[in-house]
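Trainee:
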Amino acid sequence: MENLTVVSEFTLQGLSFLPELQHQLFSVFFLMYLMTLIGNVLILVLIITDNHLHTPMYFFLGHLACVDICYSQVTGPRMLLDFYSKKKIISYRSCLTQAIFFMVFGSYECFLLAVMSYDRYVAVCQALQYIQIMSWKTCTQLIIVVWFLGSSYSLVHMLFMLRLIFCGQSTIYNFFCDVPQLLALSCTDTFPNMLLLFVLGGFLALIAFLCTFLPYVYIFHTVQRMETKNTKLKVFSTCTSHLTVVCIFYGTLCFAYFHLNS
76 MENLTVVSEF TLQGLSFLPE LQHQLFSVFF LMYLMTLIGN VLILVLIITD NHLHTPMYFF
136 LGHLACVDIC YSQVTGPRML LDFYSKKKII SYRSCLTQAI FFMVFGSYEC FLLAVMSYDR
196 YVAVCQALQY IQIMSWKTCT QLIIVVWFLG SSYSLVHMLF MLRLIFCGQS TIYNFFCDVP
256 QLLALSCTDT FPNMLLLFVL GGFLALIAFL CTFLPYVYIF HTVQRMETKN TKLKVFSTCT
316 SHLTVVCIFY GTLCFAYFHL NS
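Under the numbering used here, the first residue of the sequence shown is numbered 76, with each subsequent residue one higher.
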């Protein structure tokens, strides 16, 4: 270990393998970043200013908008700046901070989507008791659980990451720092980190996944028993948007983490 140079900064490879498309890619990603930011800010403003939207569903949607804003801030600005940077260098501390916050807000969104599924389940399958079950006290407690689980899991990851030493290879083949890619660059034993990532992380992700999709099994079963077509359409209209977000989130997650070696 004495003959190895400890890495204090990393190079983000990003999309530099397509130099002829840098301007076009910058325009596309900048537009996506701007739309994400403006869209979520508008959602928050509407929810806060319109008293008719002060319901549990929009309460959770407001928190999801906050998470999406923070999520985009973790990687977006840095990625856009790197399009025109000759040296895409990031310090070890900044890289670790970015990786942990990316995990924090990813965990928040994962658990929050599960809570929103439960809210839709109660609204459809327990409609008469909805107000009693989804009281503001219950909603606040659910949000606290979401923040606690996401923060605790990410904090444990951070503590395990601090024990690692990086030497030799310092190029990250991505436009932001992520925990699995940092583990691949470490020259110390990463088995505890991998165990935490894939066993504990996989377990929590599975629980969140089941809590997100199982309510929809009951929702669709309840919808099938409804007599009027208008009622069915109303239920589907309230659930489709959330289910679309869920599918996009988990689809992106699976694509990203099943292609780590590509």
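Note that CB positions come from ideal geometry on N, CA and C, so glycine has one too. What you are looking at is a predicted structure, and each value in this text was computed from that prediction instead of being measured.
For C242, which of helix, strand or coil comes out of DSSP?
Mentor: It is a strand residue.
Trainee: Excluding the five sequence neighbours on either side, which residues of its own chain have a C-beta within less than 8 Å of the C-beta of I294, listed in chain order?
Mentor: These residues qualify, in order along the chain: R195, Y196, V199, C200, V310, C314.
Trainee: Check each candidate in S192, Y205, C141, K212 and name the one with the smallest Cα separation from V179.
Mentor: Among S192, Y205, C141, K212, the Cα nearest to that of V179 belongs to C141.
Trainee: State buried or exposed for N268, treating a residue as buried only when at least 16 other CB atoms are found within 10 Å of its CB.
Mentor: Buried, by the Cβ-count rule.
Trainee: Pop quiz: L171 and M236 are said to be a contact at Cβ under 8 Å. What is the actual Cβ separation, rounded to whole angstroms?
Mentor: Between M236 and L171 the Cβ distance is about 6 Å, and since that is below 8 Å, they are a contact.
Trainee: Give the range of the beta strand (DSSP E) segment to which S182 is assigned.
Mentor: Taken as a continuous stretch (DSSP letters only), S182 belongs to no beta strand (DSSP E), being part of the alpha helix (DSSP H) at 167 to 200.
Trainee: Taking T86 and S245 to be in contact with their CB atoms under 8 Å, please state how far apart those CB atoms are, rounded to whole angstroms.
Mentor: With a Cβ gap of about 6 Å, T86 and S245 count as contacting.
Trainee: Using a Cβ-Cβ cutoff of less than 6 Å, which residues in the same chain neighbour I144 once the five nearest sequence positions on both sides are dropped?
Mentor: Only N115 meet the Cβ criterion.
Trainee: Output the distance between the C-alpha atoms of T213 and S160, rounded to the nearest integer angstrom.
Mentor: Each residue's alpha carbon lies about 48 Å from the other.
Trainee: Between which two residues does the alpha helix (DSSP H) containing L270 stretch?
Mentor: Per DSSP, L270 belongs to the alpha helix (DSSP H) from 266 to 270.
Trainee: Do the region 258 to 278 and the region 153 to 169 make contact, defined as three or more Cβ pairs closer than 8 Å?
Mentor: No, the region 258 to 278 does not touch the region 153 to 169.
Trainee: Could you pull the start and end residues of the beta strand (DSSP E) that L87 belongs to?
Mentor: Counting along the chain, the beta strand (DSSP E) containing L87 begins and ends at 84 to 87.
Trainee: By DSSP, does S261 sit in helix, in strand, or in coil?
Mentor: Reduced to three states, the DSSP call for S261 is strand.
Trainee: The alpha helix (DSSP H) with N115 in it runs from where to where?
Mentor: 97 to 124 is the extent of the alpha helix (DSSP H) around N115.
Trainee: Which residue wins for smallest C-alpha separation from E84, given the options Q299, L121, I165?
Mentor: Closest option to E84, Cα to Cα, is I165.
Trainee: On a Cα-Cα basis, can you pick out the residue from F105, L285, F251 that is closest to L187?
Mentor: The option with the nearest alpha carbon to L187 is L285.
Trainee: Please tell me whether P58 and L275 are closer than 8 Å, where the distance is taken between their beta carbons.
Mentor: Since the displayed the chain opens at 76 and closes at 337, residue 58 lies outside it and no answer follows.
Trainee: Rank H138, L139, G151, M132 by C-alpha distance to the C-alpha of C102 and give the top, closest one.
Mentor: Contrary to the premise, residue 102 reads as Ser rather than Cys in this sequence. Checking every option, the nearest Cα to that of S102 belongs to G151.
Trainee: Keeping to the same chain, check which residues put their C-beta closer than 8 Å to that of I123; ignore five residues upstream and five downstream.
Mentor: G137.
Trainee: Tell me, which residues are paired with V81 by DSSP?
Mentor: Note: V81 sits in a beta bridge opposite C242.
Trainee: Between M107 and the ligand ATP, is there a pair consisting of the residue's CB and a ligand heavy atom that are separated by less than 7 Å?
Mentor: Among the ligands in the structure shown, none appear at all, so the ligand ATP cannot be discussed.
Trainee: Kindly give me the distance between the Cβ atoms of F105 and L139, rounded to whole angstroms, as I take these residues to be in contact under 8 Å.
Mentor: So it is not a contact: roughly 23 Å between Cβ atoms.
Trainee: Taking its Cβ as the centre, do 16 or more other Cβ atoms sit within 10 Å of C322, making it buried, or is it exposed?
Mentor: It is exposed - the Cβ of C322 has fewer than 16 other Cβ atoms within 10 Å.
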